[in-house]
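**Q** Take a look at this one; I'll ask things after.
Quick look at the structure:
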């Protein structure tokens, strides 16, 4: 397992992330943005094997690549009907892998068959 921090603000500068945040209605220029999106107390652990499979890597490579930010992460916390769910986006080079989990890091598949 690798531990992913709830918010990786450095990943917000990656190509496409700003557009995703805009589409989600997050105004990163608004006063208090950092306070509103500060990491919650605790971490969500995601199995490195899932990340490796999604990005075409070997599982043992993932923890070090996350630690040194070769794999950047963005984590979004669900609200409303999605409360208790987390959507992780992992960026490696030009690749992007999305994973929805519960608070325990277990993958969740939505009714449409996505995850």
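Residue numbers (my numbering): 865 to 979.
Ideal Cβ positions, reconstructed from N, Cα and C, are used throughout, including at glycine.
Quick one: what's got a C-beta closer than 6 Å to residue 913's C-beta in the same chain, skipping five residues either side?
**A** Within the same chain, residue 913 has close Cβ partners 923.
**Q** When the Cα atoms are used, what is the spatial distance from residue 972 to residue 939?
**A** Approximately 15 Å, taken between the alpha carbons.
**Q** Quick check on this structure: which residue in 954, 921 and 949 has the alpha carbon closest to the alpha carbon of residue 933?
**A** Taking only the C-alpha atoms, the option nearest residue 933 is 954.
**Q** Which whole runs of the alpha helix (DSSP H) in the segment 915-961 are 4 residues long or more, in chain order?
**A** Counting whole runs of 4 or more residues, the segment 915-961 contains the alpha helix (DSSP H) stretches 926-931.
**Q** Have a look at the DSSP bridge pairing and note the partners of residue 966.
**A** Per DSSP, 949.
**Q** How would you label residue 928, buried or exposed, when you count the other beta carbons within 10 angstroms and need 16 or more for buried?
**A** Exposed, since its Cβ has fewer than 16 Cβ neighbours within 10 Å.
**Q** Would you grab the beta carbon distance between residue 908 and residue 957 for me? Rounded to a whole angstrom, and I think it's under 8 Å.
**A** Residue 908 to residue 957, Cβ: 24 Å. No contact.
**Q** Just how far apart, CA to CA, sit residue 937 and residue 930?
**A** Rounded to the nearest angstrom, the two C-alpha atoms are 8 Å apart.
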